[in-house]
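Engineer: One structure coming up, written as structure tokens, with questions to follow.
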Amino acid sequence: MKELKRKYDVEVYTGKIPMPKRALLSKIKDKDGLICYPYDSIDSDVINTGTKLKAISTYSVGYDHIDIKTASKKGIAVGYTPEVLTRATADLTMALMLSLFRRIPEGDKLVHNNRWRTIFGPYEFLGTDLYQKTLGIFGMGRIGKAVAKRARGFEMKVIYHNRTRLSKKEEQDIGVRYVSLDSLFRTSDVISVHSPHTPQTNEIINLKLFQKMKKTSFLINTSRGKIINEKDLVIALQRKIIAGAALDVFQKEPISSKHPITKLDNVILMPHSGSATIETRKKMAEITVKNLMLALSGKKPIYQVKA
Ligand code: DGY
Numbered sequence: 002m003k004e005l006k007r008k009y010d011v012e013v014y015t016g017k018i019p020m021p022k023r024a025l026l027s028k029i030k031d032k033d034g035l036i037c038y039p040y041d042s043i044d045s046d047v048i049n050t051g052t053k054l055k056a057i058s059t060y061s062v063g064y065d066h067i068d069i070k071t072a073s074k075k076g077i078a079v080g081y082t083p084e085v086l087t088r089a090t091a092d093l094t095m096a097l098m099l100s101l102f103r104r105i106p107e108g109d110k111l112v113h114n115n116r117w118r119t120i121f122g123p124y125e126f127l128g129t130d131l132y133q134k135t136l137g138i139f140g141m142g143r144i145g146k147a148v149a150k151r152a153r154g155f156e157m158k159v160i161y162h163n164r165t166r167l168s169k170k171e172e173q174d175i176g177v178r179y180v181s182l183d184s185l186f187r188t189s190d191v192i193s194v195h196s197p198h199t200p201q202t203n204e205i206i207n208l209k210l211f212q213k214m215k216k217t218s219f220l221i222n223t224s225r226g227k228i229i230n231e232k233d234l235v236i237a238l239q240r241k242i243i244a245g246a247a248l249d250v251f252q253k254e255p256i257s258s259k260h261p262i263t264k265l266d267n268v269i270l271m272p273h274s275g276s277a278t279i280e281t282r283k284k285m286a287e288i289t290v291k292n293l294m295l296a297l298s299g300k301k302p303i304y305q306v307k308a
């Protein structure tokens with residue numbers, strides 16, 4: 002804010018999140034630049050109403066909330082924040098994986114609620130090893146690769162499915178094997194989703210795929226909620242078609258306390274915090290501001306979304 006205020010007149014919205022569309026439409030009219038978040042829908046109405054807009058800078062790697070085509074048609078540069086949040090998001094994915102495999106939230110509740118009775122019972126509180134288990138990565142971009150690297154450190158086998166296959170050399174370097182979507186869901190002990198949300202990936206993970214999964218397998222999503230058909234996931238979890246899930250992202254955020262998924266025991270829920278570390282958020286903020294300032298002065302942002 003300090004840096005922005007030194008150079009520009011800055012108006013900050015501090016009301017209820019997300020900013021109501023009507024308010025956004027009225028405020029955008031006379032603005033040259035916009036900083037937004039993944040929960041703000043920057044659709045064609047907003048972009049067309051912002052007749053002076055030259056730059057949009059999102060405080061996120063995901064940009065599915067911005068109508069990139071319309072922005073590009075109008076010559077508006079869109080900046081985003083990839084790379085700096087890769088490690089933090091991959092770390093959270095591993096934390097969720099360990100939590101699922103070793104039942105950490107459940108154990109924590111048990112001790113907190115004074116329900117711990119047996120010490121070291123041979124069949125008490127058993128989880129599963131990560132060692133030699135198969136991790137299936139859906140979407141092998143920067144974050145998928147960082148997760149694969151971490152999982153290899155835990156001596157897991159890593160398979161992946163992606164729109165385009167990595168080179169043989171890169172597969173060897175990371176230690177991953179390419180498989181079909183069908184095989185990914187059939188053979189993995191845990192599937193982790195790291196794809197962007199696009200019209201092609203919208204609700205691509207559905208009951209049909211859950212039915213291919215092993216009964217003992219888990220699903221993790223730290224990318225975008227809309228990639229998963231949430232109703233189907235609830236069915237898969239209720240009917241124990243899969244063993245459990247850990248979700249950091251949802252179709253609608255914040256998720257309602259009435260959502261059936263919040264009533265299930267075999268699911269770990271986080272409030273969209275993949276990039277939420279002090280170090281990462283600081284870097285994201287710096288890039289968001291730099292992207293905006295560069296675009297406003299007619300230069301290319303550090304990271305610009307390609308139309
Ligand atoms: C992103 O950057 O897109 C994340 O989802 C926000 O943490």
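Counting from 2, one number per residue, gives the positions in the sequence shown under my numbering.
Using N, Cα and C, we set each Cβ at its ideal position, and we do this for glycine too.
Near T129, what residues of its chain come up, given a Cβ to Cβ distance below 6 Å and the 5 sequence neighbours on each side ignored?
Structural biologist: Once the five neighbours on either side are set aside, the close Cβ partners of T129 are F102.
Engineer: What would DSSP say about L238, mapped onto helix, strand or coil?
Structural biologist: Of the three classes helix, strand and coil, the one that applies to L238 here is helix, per DSSP.
Engineer: So, helix, strand or coil for F211, using DSSP?
Structural biologist: Helix.
Engineer: Verify whether the separation of the beta carbon atoms of S196 and N163 is less than 9 Å.
Structural biologist: Cβ atoms of S196 and N163: closer than 9 Å.
Engineer: Return the chain-ordered ranges of every beta strand (DSSP E) run that is complete within the stretch 139-216 and spans a minimum of 3 residues.
Structural biologist: Runs found: 158-162, 177-179, 191-194.
Engineer: Closest to K301 by C-alpha separation, out of A89, I205, G76, would be which residue?
Structural biologist: When only C-alpha atoms are compared, the closest one is G76.
Engineer: Terminal residues of the continuous alpha helix (DSSP H) containing A296?
Structural biologist: It spans 279-297 - the alpha helix (DSSP H) in which A296 sits, taken as one unbroken run.
Engineer: List the DSSP bridge partners of F219.
Structural biologist: F219 is bridged to V191, G245.
Engineer: In terms of alpha-carbon separation, which member of R225, Y132, F121, A149 lies closest to P272?
Structural biologist: Selected option, being the one with the closest Cα: R225.
Engineer: Taking C-beta to C-beta, are A89 and E254 nearer than 9 Å?
Structural biologist: Result no, Cβ atoms of A89 and E254 do not sit closer than 9 Å.
Engineer: Can you tell me the Cα-Cα spacing of L131 and F155, whole angstroms?
Structural biologist: L131 and F155: Cα-Cα distance of roughly 7 Å.
Engineer: Could you tell me whether any non-hydrogen atom of the ligand DGY is closer than 8 Å to the CB of R225?
Structural biologist: The answer is yes for R225.
Engineer: Does the contact criterion of 3 or more C-beta pairs under 8 Å hold for the stretch 111-124 versus the stretch 64-72?
Structural biologist: Not touching, per the Cβ criterion.
Engineer: Taking Y60 as the reference, give the member of V306, A286, M294, L295 with the closest Cα.
Structural biologist: The shortest Cα separation from Y60 among V306, A286, M294, L295 belongs to A286.
Engineer: Helix, strand or coil, according to DSSP, for G63 in the structure here?
Structural biologist: In the structure shown, G63 sits in coil (DSSP, three-state: anything other than H, G, I, E or B).
Engineer: State buried or exposed for D41, treating a residue as buried only when at least 16 other CB atoms are found within 10 Å of its CB.
Structural biologist: Per the 10 Å Cβ criterion, buried.
Engineer: Roughly how many angstroms lie between the CA atoms of T311 and L54, to the nearest whole one?
Structural biologist: Past the edges of the chain, shown from 2 to 308, lies residue 311, and the structure says nothing about it.
Engineer: Secondary structure at G76, three-state DSSP: helix, strand or coil?
Structural biologist: In the structure shown, G76 sits in coil (DSSP, three-state: anything other than H, G, I, E or B).
Engineer: From the beta carbon of T202, is the nearest beta carbon of chain C less than 9 Å away?
Structural biologist: Going by chain labels, chain C is absent from the structure shown, which holds only one protein chain.
Engineer: Is there at least one non-hydrogen atom of the ligand SAH closer than 8 Å to the beta-carbon of M285?
Structural biologist: By its list of ligands, the structure shown excludes the ligand SAH, since it contains just the ligand DGY.
Engineer: Where in the stretch 76-112 do unbroken runs of the alpha helix (DSSP H), each at least 4 residues long, occur, reported from the N-terminal end onward?
Structural biologist: 87-103, all fully within the stretch 76-112.
Engineer: L25 lies in the alpha helix (DSSP H); which residues open and close that run?
Structural biologist: Counting along the chain, the alpha helix (DSSP H) containing L25 begins and ends at 22-29.
Engineer: CB of P39 to nearest heavy atom of the ligand DGY: below 8 Å?
Structural biologist: It does: the Cβ of P39 is within 8 Å (strictly closer) of some heavy atom of the ligand DGY.
Engineer: T135 by DSSP, collapsed to three states: which one?
Structural biologist: Three-state DSSP puts T135 in a strand.
Engineer: So, with DSSP's three-state summary, where would you put G122?
Structural biologist: Coil at G122, not helix or strand.
Engineer: Can you tell me where the alpha helix (DSSP H) holding L5 begins and where it ends?
Structural biologist: That run of the alpha helix (DSSP H) goes 3-8.
Engineer: Out of T94, L86, L182, I48, point me to the one whose CA is closest to S73's CA.
Structural biologist: That would be I48, whose Cα lies nearest to the Cα of S73.
Engineer: For the stretch 226-241 against the stretch 78-89, are there 3 or more C-beta pairs whose distance is under 8 Å?
Structural biologist: Cβ pair count under 8 Å is below three, so no.
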